[in-house]
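To start, the structure itself, in structure tokens.
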Amino acid sequence: MTVADNHLDTVILNYALTLEHLENAFYSEALSKYDDKAFTDAGLPSGARALFQQVAAHEQAHVDFLSKALGANATKPCTYKFPYTDPKSFAAVSQILEGVGVSAYAGAAQYITNPAYLTAAAVVLSTEARHASWVAAAVNDVQPWSGPLDVPLTLNQVYSLAAAFITSCPESNPALPVKAFPTLSVTPATGVKPGDTITIAFDGLADGMTAVFLTGLSPVTAPVTGGKVTVPKDLTGTVYLVITKGGDTVTDDSTSAGPAVFQFQDAIASSGGSVITAAVMATTL
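To convert, take the position in the sequence shown, counting from 1, and add 3; that gives my numbering.
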């Protein structure tokens with residue numbers, strides 16, 4: 004970040020508000036499309052929609068809080084396109100979005116200079132983590148955590164993921180010092196397990212690059228050869244894949260593409276059985 008300190012909190016709060024607007028729109032749109040019967044017909048638990056309504060109310064409260072704090076400087080909501088087609092795929096995307104929200108606040112906290120705003124960010128983060136855990140365990144029937152540590156993401160990594168859902172924004176919105184990295188395509192897009200070999204693609208892909216799997220605070224690397232990468236065997240939970248120019252250090256300057264999101268989580272009902280995966284979410288959908 005190269006923003007003057009006296010403007011830093013405004014920038015970070017608007018960054019957070021950009022994400023909260025996105026989540027708020029996501030829940031508002033889906034809940035207006037699908038009633039209780041649609042949720043249960045899709046095989047989701049009874050009462051899931053009612054609790055998603057509470058999640059939606061939380062996201063609206065986050066928007067209201069940040070907008071009030073920013074006043075006239077507050078960014079406005081954009082226009083979005085979300086990749087779900089029914090309540091079940093909505094729940095899968097919800098789990099991913101809530102997880103990204105946790106990683107976004109974890110990564111941005113270091114830039115907040117106002118102690119009151121830092122406390123506010125901490126309690127929003129904990130609420131987002133509760134959302135992610137509830138959706139994973141109670142709705143999607145998978146383990147509700149990735150392990151002892153979540154993954155902090157940089158502002159550009161998070162914006163790259165958010166940009167996949169944004170189709171346009173008001174011209175009056177304040178500019179943020181962020182950029183989206185090139186799109187990282189992953190094949191197959193579903194059913195990937197640790198130990199599998201995947202095919203990746205993006206403009207500028209070359210042998211000698213490094214696949215960096217962000218997991219907790221200890222990234223795991225794998226070579227890129229002929230557009231293929233073998234997923235390390237011991238990965239669990241939510242994992243973000245970034246391709247670097249080479250080496251295991253991930254910076255904005257070293258990043259060539261990504262992130263893509265993997266979810267490697269045991270089904271709760273499987274008693275330690277097979278690993279299940281949600282769809283791989285690359286930087287565009």
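Built from N, CA and C at the ideal position, the CB exists for glycine as well.
First through last residue of the beta strand (DSSP E) which encompasses residue 244: Here residue 244 corresponds to residue number 241 of the sequence shown, with the count starting at 1. Taken as a continuous stretch (DSSP letters only), the beta strand (DSSP E) holding residue 244 covers 240-247.
Just verifying my parser: in three-state terms, what is the DSSP assignment at residue 83? On the sequence shown, residue 83 is found 80 positions in, with the first residue counted as 1. Three-state DSSP puts residue 83 in a strand.
Assuming residue 135 and residue 101 make a contact with CB atoms under 8 Å, what is their CB distance in whole Å? In the sequence shown, residue 135 corresponds to position 132, counting from 1. In the sequence shown, residue 101 corresponds to position 98, counting from 1. About 4 Å separates the two Cβ atoms, so the contact holds.
So residue 267 is in the beta strand (DSSP E); what residue range does that whole segment cover? In the sequence shown, counting from the first residue as 1, residue 267 sits at position 264. Per DSSP, residue 267 belongs to the beta strand (DSSP E) from 258-269.
Take residue 133 as the anchor and find which of 168, 111, 57 has the nearest alpha-carbon. Against the sequence shown, residue 133 aligns to sequence position 130. With distances taken between Cα atoms, residue 133 lies closest to 57.
Cross-strand partners of residue 232 (DSSP beta bridge): Residue numbering aside, residue 232 sits at position 229 when the sequence shown is read from its first letter. According to DSSP, residue 232 bridges with 201.
Within 10 Å of its beta-carbon, does residue 104 have 16 or more other beta-carbons around it, so buried, or fewer, so exposed? Taking the first residue of the sequence shown as 1, we reach residue 104 at position 101. So residue 104 ends up on the buried side.
Hey, how far is the Cα of residue 30 from the Cα of residue 46? The sequence position of residue 30 within the sequence shown is 27, counting from 1. The sequence position of residue 46 within the sequence shown is 43, counting from 1. Taking the straight line joining both Cα atoms gives about 19 Å.
Mark residue 153 as exposed unless 16 or more other C-beta atoms lie within 10 angstroms of its C-beta, in which case mark it buried. As a first step, residue 153 must be located in the sequence shown, where it is residue number 150. Looking at its Cβ environment, which holds 16 or more other Cβ atoms inside 10 Å, residue 153 is buried.
Cβ shell of residue 229 (< 8 Å), same chain only, five flanking positions each side left out: Reading the sequence shown from its first residue, position 226 is the one you call residue 229. Same-chain partners within the cutoff: 210.
Identify, in the order they occur along the chain, each residue of the same chain with its Cβ nearer than 7 Å to the Cβ of residue 220, setting aside the five sequence neighbours on each side. As a working mapping, residue 220 is identified with position 217 in the sequence shown. 152, listed in sequence order.
Terminal residues of the beta strand (DSSP E) in which residue 221 lies: Looking up residue 221 in the sequence shown gives position 218. From DSSP, residue 221 is part of no beta strand (DSSP E); its letter is neither H nor E.
State the DSSP-derived secondary structure class of residue 175, mapped to helix, strand or coil. The residue labelled residue 175 in the question sits at position 172 within the sequence shown. Looking at residue 175 - three-state DSSP - the assignment turns out to be coil, as it is neither helix nor strand.
With a threshold of 8 Å between beta carbons, is residue 230 in contact with chain C? Absent from the structure is chain C; it holds one protein chain and no more.
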